[in-house]
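In this note's numbering, the protein residues as written are 58 to 217.
Even for Gly, the Cβ is constructed at its ideal location relative to N, Cα and C.
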Amino acid sequence: MKEYTKKTSFTIYESIADLAKEDSDLLQQAKMAVEKAYAPYSHFQVGAALLLENGEIVIGNNQENAAYPSGMCAERVAIWSAASHFPGVVVKKVAISVKSQMKMIDKPVAPCGACRQSLLEYEVKQKEPIEIFFMGEVGKVIKANSLQDLLPFSFDQSYL
Ligand code: THU
């Protein structure tokens, strides 16, 4: 028997203003996507913006449904849109922001497990890490250098 430790590293920025311009611009795109979310049931709006290697920015936001499980998270709307419009183009970065109609969210909101798994699929496929930035409506920003940092012990094609 041997015990192991897995380490995750990430950076915390005090605010969006502390990011490099390319990264704060991408988060601003995520914030614009937040405004177009369709979240009449949870009243919790999420926006995601992806920066691709070809310079394109692809956005997504959560799309809810009266049949609740039929809705979809912002991150998966964005990554599948990118994969549909630009198949095979490397995804460099993803930025995520949120807005609740119920309360001010002032801490970074991490993507759900299913979205991490869906984003990781493309990181594995492209053999290049995807940088990920996430925040609340205001406040600190967390940056991880790779989806692997957010999803240790992920399931990937190597098992199949
Ligand atoms: N949501 C996302 O869009 N991304 C996540 O990573 C977590 C949750 C959405 C789904 C639903 O529309 C609302 O937020 C509340 O769960």
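Per the coordinates, the alpha-carbon of Ala124 lies some 15 Å from the alpha-carbon of His100.
Pairing Ala105 with Glu121 gives a Cβ-Cβ distance that is not under 9 Å. DSSP places Ser157 inside the beta strand (DSSP E), whose first and last residues are Val148 to Ser157. Glu132 and Val155 have their alpha carbons spaced roughly 11 Å apart. Annotation: Gly170 to Thr65 spans about 16 Å, alpha carbon to alpha carbon. Remark: fewer than three beta-carbon pairs, one from each stretch, lie closer than 8 Å, so the region 58-75 and the region 134-145 are not flagged as touching. The C-alpha of Pro186 lies about 17 Å from the C-alpha of Glu79. When C-alpha distances from Tyr179 are compared across Glu60, Pro165 and Val148, the shortest belongs to Val148. The beta-bridge partner set that DSSP reports for Lys200 consists of Thr68 and Phe190. Secondary structure note for Gln183: its alpha helix (DSSP H) is the uninterrupted segment Gly170 to Gln183.
Ranked by how close their Cα comes to the Cα of Phe67, the residues Leu204, Asp213 and Gly145 have Leu204 in first place. These are the residues, in chain order, with a beta carbon less than 7 Å from any non-hydrogen atom of the ligand THU: Ala96, Ser99, Phe101, Val103, Asn119, Glu121, Gly128, Cys130, Ala131, Glu132, Pro168, Cys169 and Cys172.
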